[in-house]
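Trainee:
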Amino acid sequence: MKKLLLAGKAILGAGLIIIFLQSCKNETKQEDPKEVAEDANETKFDSIDSKEDDSEFLVDQAEINLAEIEIGKLAQTKSTNAEVKKFGKMLVDEHTKSASEVSALAKAKNFTLPTSLTEEGQEEYNKLNEKSGVDFDKKFADMMIDGHEKAIKKLEKAAKDANDQEIRTWASNNIAGLTAHLEHAKMLKQNLDKK
91 MKKLLLAGKA ILGAGLIIIF LQSCKNETKQ EDPKEVAEDA NETKFDSIDS KEDDSEFLVD
151 QAEINLAEIE IGKLAQTKST NAEVKKFGKM LVDEHTKSAS EVSALAKAKN FTLPTSLTEE
211 GQEEYNKLNE KSGVDFDKKF ADMMIDGHEK AIKKLEKAAK DANDQEIRTW ASNNIAGLTA
271 HLEHAKMLKQ NLDKK
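Under our numbering, the first residue of the sequence shown carries the number 91, and numbering increases by one thereafter.
1) Identify which residue in Asn264, Lys217, Ala248 has its Cα closest to the Cα of Glu232.
2) Compute the Euclidean distance between the alpha carbons of Asp236 and Ile257, then round it to the nearest angstrom.
3) Where does Asn264 sit, in a helix, a strand or coil, going by DSSP?
4) Mind the definition here: the stretch 241-252 touches the stretch 267-278 only if three or more C-beta pairs lie below 8 Å; say whether that holds.
5) DSSP three-state call for Thr205: helix, strand or coil?
6) Let me know if Met234 comes out buried or exposed under the rule of 16 or more other beta-carbons within 10 Å of its beta-carbon.
7) Would you decide whether Asn116 is buried or exposed? Buried here means 16 or more other CB atoms lie within 10 Å of its CB.
8) Given His185, which residues of its chain have a CB within under 6 Å of its CB, disregarding the five upstream and five downstream residues?
9) Which residue comes first and which comes last in the alpha helix (DSSP H) that contains Lys243?
10) Taking 9 Å as the cut-off, decide whether the C-beta atoms of Ala261 and Ala249 are in contact.
11) Roughly how many angstroms separate the alpha carbons of Asp122 and Phe201, rounded to a whole number?
12) Does the beta carbon of Val192 come closer than 9 Å to any beta carbon on chain D?
13) Whose C-beta lies closer than 7 Å to the C-beta of His238 among residues of the same chain, with five residues either side of it excluded?
Listed below in structure tokens is the structure:
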């Protein structure tokens with residue numbers, strides 16, 4: 091009986107060690123897609139600062155597009171407000187088009203871009219997803235105003251400072267579209283604040 095009890099304890103101990111080792115192995119956290127892209131570009135263009143700066147701009151634009159697309163989809167499914175849903179659809183459509191343009195530009199320049207939502211984008215998405223009803227709509231409008239103001243500043247800077255002429259032109263050509271999004275978001279917020 092003692093031998094059986096001892097053998098059972100040994101098997102249990104061995105099993106616990108295996109489970110512990112497996113859980114340690116699975117703890118490796120997946121790297122943020124933005125960091126992966128930036129590291130790849132840094133490696134490629136380490137000695138060419140001008141390309142590294144331009145690649146960072148396109149990585150930022152890809153990150154913005156990915157986040158706007160996902161948040162736009164969320165607005166379409168979660169909001170009960172017709173204007174918020176409409177704005178969400180417009181975001182998905184226009185940022186999908188922008189993502190395609192950024193991707194083509196990056197491919198032509200041999201830049202690597204993130205292909206999935208970044209950690210920051212996922213955090214923003216999660217914060218919005220926690221809300222419901224009018225709270226969701228107001229948080230969405232606030233996020234759209236803040237996000238588009240920041241994105242416009244990045245476009246304006248790239249339109250002046252990007253080293254690559256095609257990137258400067260693309261940035262310059264996209265300021266008006268994002269400015270229209272910003273104005274739309276401000277009107278949306280005004281209407282929601284009346285409720």
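For every residue, glycine included, the Cβ atom is placed at its ideal position computed from N, Cα and C. Computed from a predicted model, the values in this text were never measured in an experiment.
Mentor: The relevant details are as follows:
1) The question names Glu, but residue 232 is Asp in the sequence shown. Among Asn264, Lys217, Ala248, the Cα nearest to that of Asp232 belongs to Lys217.
2) 24 Å
3) helix
4) yes
5) coil
6) buried
7) Only weak support is given to the placement of Asn116: the predicted model assigns it a pLDDT of 45, under 50, and the value that follows is read from those uncertain coordinates. Burial call: exposed.
8) Asn155, Glu158, Ile159
9) 223-251
10) yes
11) 17 Å
12) Going by chain labels, chain D is absent from the structure shown, which holds only one protein chain.
13) Leu268, His271, Leu272, Ala275
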